[in-house]
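To start, the structure under review is shown below, and the notes come after it.
In the working numbering, the protein residues as written are 58 to 328.
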């Protein structure tokens with residue numbers, strides 16, 4: 058373990074992941090409660106359009122993905138809220154449209170695009186100190202907002218009607234949550250890739266739900282699951298020479314499977 062931390066690229070990877078994993082876990086807990094699991098896939102895949110635009114314009118792909126991710130997050134919210142369309146239908150349309158636009162633009166660009174491969178499959182080992190600082194600042198900002206509005210967002214997630222009758226500005230809070238979730242997803246895409254980011258957002262939350270009975274315990278357990286999955290997956294990827302993103306996601310899946318088996322076994326013994 059000590060030899061890993063002596064490598065600068067592993068230091069950057071650990072810092073970025075240890076900061077980002079709790080952020081995804083907290084937002085994933087709310088997203089799972091609100092049945093927004095598909096939202097993560099939609100924003101992640103649609104952000105490919107932003108990556109493609111950034112490559113064409115000549116700016117950092119992350120900023121293109123971030124801008125487009127927020128734009129599509131707001132668009133999904135508006136279509137759900139005012140277009141009276143089903144959430145899965147809206148996300149499905151955004152998902153495929155953003156992906157198609159990204160593929161079309163990229164196909165017109167000559168040569169190999171390493172930034173594209175990085176965003177598709179992720180490469181946490183390639184993060185720079187600049188990336189780490191962006192992840193750190195945005196994660197702290199988002200978590201500060203989430204915990205400042207924790208009671209309001211919890212009530213909104215449990216029952217929007219009850220939140221509205223309690224006098225909360227439900228439309229503004231929902232829009233804010235969609236934007237924060239979109240930003241977090243794009244941050245996750247940088248580390249885990251478009252294909253895998255939704256797993257670290259959703260799997261720890263679903264795992265935590267199996268073993269907790271209060272919302273606060275649910276949040277804490279989700280954070281613990283995400284951190285264990287990240288650290289275990291990153292260490293395994295180093296020693297077994299595996300892709301880091303896939304290794305982290307597989308760690309989260311193994312934790313979920315073991316937790317499910319143990320809870321079922323305990324339940325059977327109890328009965």
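Cβ atoms here follow ideal geometry from the backbone N, Cα and C, with glycine treated the same way.
Notebook entry, point to check: Looking at the unbroken alpha helix (DSSP H) that takes in residue 216, where does it start and where does it end?
Noted result: Taken as a continuous stretch (DSSP letters only), residue 216 belongs to no alpha helix (DSSP H), as it is neither H nor E.
Exposure label - residue 121; buried when at least 16 CB within 10 Å:
buried
Assumed close pair residue 203, residue 257 - CB separation to whole angstroms, cut-off 8 Å = About 17 Å separates the two Cβ atoms, so there is no contact after all.
First through last residue of the alpha helix (DSSP H) which encompasses residue 98: 94-114
Discussion item. Which same chain residues end up closer than 6 Å to residue 294 when comparing Cβ atoms and leaving out the 5 residues on each side of it in sequence?
Written reply: 301, 304
Exercise. Whole-angstrom Cβ separation of residue 129 and residue 150, contact assumed at under 8 Å?
Worked result: With a Cβ gap of about 10 Å, residue 129 and residue 150 do not count as contacting.
Under a three-way DSSP split, which group does residue 298 fall into? coil
* Asked: Got a sec? Which residues, its chain only, sit under 7 Å from residue 144 by beta carbon, not counting five neighbours each side?
  -> 137
Checklist entry - Taking the Cβ atom as the reference point for each residue, do residue 162 and residue 109 lie within a distance shorter than 7 Å? => result yes
Q) Are at least three pairs of beta-carbons, each pair with one atom in the segment 282-297 and one in the segment 218-235, less than 8 Å apart? A) no
* To do: Mark residue 113 as exposed unless 16 or more other C-beta atoms lie within 10 angstroms of its C-beta, in which case mark it buried.
  => exposed
Euclidean distance between Cα positions of residue 134 and residue 93 = 12 Å
Would you call the segment 211-218 and the segment 154-161 in contact, with 3 or more CB pairs under 8 Å? no
Contacts around residue 379, its chain only, beta-carbon distance under 8 Å, and the 5 residues preceding and following it disregarded | With the chain covering only 58 through 328, there is no way to say anything about residue 379.
Inset, instruction - Find the nearest neighbour of residue 264 within the set 96, 306, 132, 187, judged by alpha-carbon distance. - result: 306
Here's the rule: buried if 16 or more other CB atoms are within 10 angstroms of the residue's CB, otherwise exposed. What is residue 167?
exposed
- Proximity winner among 234, 322, 102, relative to residue 131 (alpha-carbon distances): 234
message = According to DSSP, is residue 229 part of a helix, a strand, or is it coil?
response = helix
Q. Leaving out the 5 sequence neighbours to the left and right, which residues in its chain are closer than 7 Å to residue 182 when beta-carbon positions are compared?
A. 66, 70, 301
*By how many angstroms is the C-alpha of residue 97 removed from the C-alpha of residue 240?*
11 Å
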